[in-house]
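Here the protein sequences come in this chain order: Y and D. In terms of the UniProt record's numbering, the first sequence has 63 at position 63, counting the first letter as 1, and numbering is strictly consecutive. In terms of the UniProt record's numbering, the second sequence has 98 at position 98, counting the first letter as 1, and numbering is strictly consecutive. Heads up, the thing below is written out as structure tokens.
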Amino acid sequence: MTGEALIVLENVNKWFGPLHVLQDVDLTVERGEVVVVIGPSGSGKSTLCRAINRLEPIDSGSITFDGTPLPAEGRPLARLRSEVGMVFQSFNLFAHKTILQNVMLGPVKVRKEKPAAARERAMALLERVGIASQADKFPAQLSGGQQQRVAIARALAMQPKALLFDEPTSALDPEMVGEVLDVMTSLAKEGMTMVVVTHEMGFARHAAKRVVFMADGQLVEQAPPAEFFANPKSDRAKDFLSKILTH
Amino acid sequence: MTEFLNVLTDHWSLFGQGFGNTVKLFLIAGVGCLVLGVLLGAFRVSPIPALRWFGATYVNIVRNTPLTLVFAFLVFAAPKLDVNFDYFTAAAVALTVYTAAFICEVVRSGVNTVAPGQAEAARALGLSFGQVLLEVVLPQALRAMVPPLMSVMIAMLKNTTVAAGFSVVEAGAIPAYMAEFGEPQFYVLLWIAIGFLVLITPLVLLQRVLERKLAVAR
Numbered sequence: 001m002t003g004e005a006l007i008v009l010e011n012v013n014k015w016f017g018p019l020h021v022l023q024d025v026d027l028t029v030e031r032g033e034v035v036v037v038i039g040p041s042g043s044g045k046s047t048l049c050r051a052i053n054r055l056e057p058i059d060s061g062s063i064t065f066d067g068t069p070l071p072a073e074g075r076p077l078a079r080l081r082s083e084v085g086m087v088f089q090s091f092n093l094f095a096h097k098t099i100l101q102n103v104m105l106g107p108v109k110v111r112k113e114k115p116a117a118a119r120e121r122a123m124a125l126l127e128r129v130g131i132a133s134q135a136d137k138f139p140a141q142l143s144g145g146q147q148q149r150v151a152i153a154r155a156l157a158m159q160p161k162a163l164l165f166d167e168p169t170s171a172l173d174p175e176m177v178g179e180v181l182d183v184m185t186s187l188a189k190e191g192m193t194m195v196v197v198t199h200e201m202g203f204a205r206h207a208a209k210r211v212v213f214m215a216d217g218q219l220v221e222q223a224p225p226a227e228f229f230a231n232p233k234s235d236r237a238k239d240f241l242s243k244i245l246t247h
Numbered sequence: 001m002t003e004f005l006n007v008l009t010d011h012w013s014l015f016g017q018g019f020g021n022t023v024k025l026f027l028i029a030g031v032g033c034l035v036l037g038v039l040l041g042a043f044r045v046s047p048i049p050a051l052r053w054f055g056a057t058y059v060n061i062v063r064n065t066p067l068t069l070v071f072a073f074l075v076f077a078a079p080k081l082d083v084n085f086d087y088f089t090a091a092a093v094a095l096t097v098y099t100a101a102f103i104c105e106v107v108r109s110g111v112n113t114v115a116p117g118q119a120e121a122a123r124a125l126g127l128s129f130g131q132v133l134l135e136v137v138l139p140q141a142l143r144a145m146v147p148p149l150m151s152v153m154i155a156m157l158k159n160t161t162v163a164a165g166f167s168v169v170e171a172g173a174i175p176a177y178m179a180e181f182g183e184p185q186f187y188v189l190l191w192i193a194i195g196f197l198v199l200i201t202p203l204v205l206l207q208r209v210l211e212r213k214l215a216v217a218r
């Protein structure tokens, strides 16, 4: 762990009313690193992921992205978000736009790229995730797995410095999980910086450089996947793993 | 029957002038209240508290004020503040200001029908608040907005008749003139009702077309 830090969370706290969802969280993600965040439901994993591009504002502490503290609402925040791709559990493709338009929107409206150039890159990205033949369809006409692959292409179209995945396979039918994880694995191999909140332990094992275990809003332990799965140190992690790995 | 028809044909120019002004008022106030209403609706869903407060306050004050009072303010009170409109302009402004409050609420409820994830995904791409609204949220909100929007527009078209009370010769002013000519009031009112039906029918057809065109698969 000697790389250059890209995402740095220090002493981050967040409350939802009386609920302390993030408690003194410290986390550093290096450039090119793949960090998988696991933990029981309600442990604050998604909130942590969403805090990194300020979809959830935090109450105290600091988050720094590529050397710059997260700005408050406004243009600087929009600029920062354009550098951090996000993939959601429920895909959130724009329902009134075609697949191609979904992928082109960011580059054309935010980056002010020429539509022709944006279209060319969008098609190349759709090709890459295997959906190019569906480019003129609307999101509702695609399967969940296909929609999620489009969502990844949409995030990649902004040429982000990092990608955040908030439970990207949790809303998918089991037979579609693989096609999405395949795309994510190939991104990880290419050196994309990724923070992945997931319940897919297989993905954590083979694609993560580091596994972060969260429980009750705290970052309980972190270790390389081989070490974490073979030898969890905390009781919470042992308990969690025993529940999910015995089936 | 001839008597009924004569009421219209004998006073063609009065009916023409009256309904002409009604249509003019409707079109001017229609564009005005759409622009102002969408702007206020954007205020009400904006991330800036001061704008949200302004939008809410505007709606609460203007929507709760009787239209005749809004007219009276513009026609009688505004000149005291050295703002001088002619009667027609005052009527157009009154209708715009009043109807915008209702449009604002239509916009807001339309926006509420769009899944929050749509705006989140747009923000995550780095779109500005205005872009999120114009590119992603409003186009999807429009579908839910069309029926109440048309109701508000139809109500506004009929509200133009209030202008008759403030010296504007529009459809609502016709009966008073006709009474002076000694024409039977019942027929006059019937013709005016028919006139409004004719004006409103295209709006109803437009609503159908829009609803069909905006149908989005989710």
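Ideal Cβ positions, reconstructed from N, Cα and C, are used throughout, including at glycine.
Neighbourhood of residue i by C-beta distance below 6 Å, restricted to the same chain and skipping five residues each side
i: Y:M1; result: Its pLDDT being 46, under 50, Y:M1 is placed unreliably in this model, and the coordinates cannot settle the point.
i: D:L142; result: L214
i: D:P175; result: V188
i: Y:F165; result: V87 and V196
i: Y:F203; result: L181
i: Y:H20; result: G217
i: D:A144; result: G110 and T113
i: D:T201; result: none
i: Y:Q147; result: F91, L93 and P139
i: D:L210; result: V146
Residue i, DSSP secondary structure in three states
i: Y:H20; result: strand
i: D:T99; result: helix
i: Y:A171; result: coil
i: Y:N53; result: coil
i: D:V209; result: helix
i: Y:K114; result: coil
i: Y:K233; result: coil
i: Y:L219; result: strand
i: Y:N13; result: strand
i: Y:P71; result: coil
i: Y:I38; result: strand
i: D:W12; result: helix
i: Y:V84; result: strand
i: Y:I63; result: strand
Cutoff 7 Å; reference residue i; Cβ partners in own chain excluding five residues on either side
i: Y:A132; result: M123 and L126
i: D:A179; result: Q185
i: Y:P40; result: A215 and F240
i: D:F85; result: L74, A78 and V93
Contact check, residue i vs residue j, beta carbons under 8 Å
i: Y:T198; j: Y:I38; result: yes
i: Y:A95; j: Y:P139; result: yes
i: D:E135; j: Y:L77; result: no
i: Y:D66; j: Y:L6; result: yes
i: Y:I63; j: Y:L22; result: no
i: residue 222 of chain D; j: D:A91; result: Residue 222 of chain D cannot be examined here, being either before or after the span of chain D that is shown, 1 to 218.
i: Y:K161; j: Y:V34; result: no
i: Y:P225; j: Y:R205; result: yes
i: D:T22; j: D:T160; result: yes
i: Y:G191; j: Y:G32; result: yes
i: Y:N13; j: Y:S60; result: yes
i: D:Q118; j: Y:N92; result: yes
i: Y:L172; j: Y:G130; result: no
Candidates the options: closest to residue i by CA position
i: D:Q17; options: D:A173, D:L197, D:T57 and D:N60; result: D:A173
i: D:L206; options: D:P147, D:A50 and D:K80; result: D:P147
i: D:V106; options: D:L51, D:F129 and D:L34; result: D:L34
i: D:L74; options: D:P47, D:Y98, D:Y58 and D:V59; result: D:Y98
i: D:F26; options: D:E170, D:E120 and D:N60; result: D:E170
i: Y:T193; options: Y:A207, Y:S242 and Y:E30; result: Y:E30
i: Y:E10; options: Y:V25, Y:D136 and Y:F16; result: Y:V25
i: Y:M184; options: Y:R54, Y:D173 and Y:L163; result: Y:L163
i: D:A115; options: D:L138, D:L95 and D:A94; result: D:L138
i: residue 225 of chain D; options: D:T68, D:V70 and D:Y58; result: Given a span of 1 to 218 for chain D in the structure shown, any question on residue 225 of chain D remains unanswerable.
i: Y:A117; options: Y:R128, Y:V103 and Y:V129; result: Y:V103
i: Y:S90; options: Y:T28, Y:R149 and Y:I244; result: Y:R149
i: D:V204; options: D:I194, D:M153 and D:F54; result: D:M153
i: D:I194; options: D:F15, D:R44, D:T2 and D:E3; result: D:F15
i: Y:L219; options: Y:T47, Y:V129, Y:Q146 and Y:D136; result: Y:T47
i: Y:A188; options: Y:Q222, Y:E175, Y:I152 and Y:L172; result: Y:I152
i: D:Y87; options: D:V168, D:S46 and D:T68; result: D:V168
i: Y:L80; options: D:L125, D:A121, D:G30 and D:E120; result: D:L125
i: Y:Q159; options: Y:R121, Y:P174 and Y:Q141; result: Y:R121
Residue i Cβ short of 7 Å to the ligand NAD heavy atom set
i: D:V137; result: With respect to small molecules bound, the structure shown includes none, and the ligand NAD cannot be examined in it.
Proximal residues to residue i (C-beta, below 8 Å), its chain only, five neighbours per side dropped
i: Y:E200; result: T169, V177 and L181
i: D:F71; result: A90, A91, A94, V162, A163, G165 and F166
i: D:V198; result: none
Task: Start-end ranges of the alpha helix (DSSP H) lying completely within the region 151-191 of chain D, minimum 4 residues - done: 174-180
Task: Every unbroken alpha helix (DSSP H) within the region 14-63 of chain D, with a cutoff of 4 residues, ordered by chain - done: 49-63
- [ ] Quick one: which unbroken alpha helix (DSSP H) runs of 4-plus residues sit fully inside the region 81-135 of chain D? Chain order, please.
- [x] 87-112 and 116-124
- [ ] Mind listing, in chain order, the continuous alpha helix (DSSP H) runs of no fewer than 4 residues lying wholly within the region 147-201 of chain Y?
- [x] 174-189
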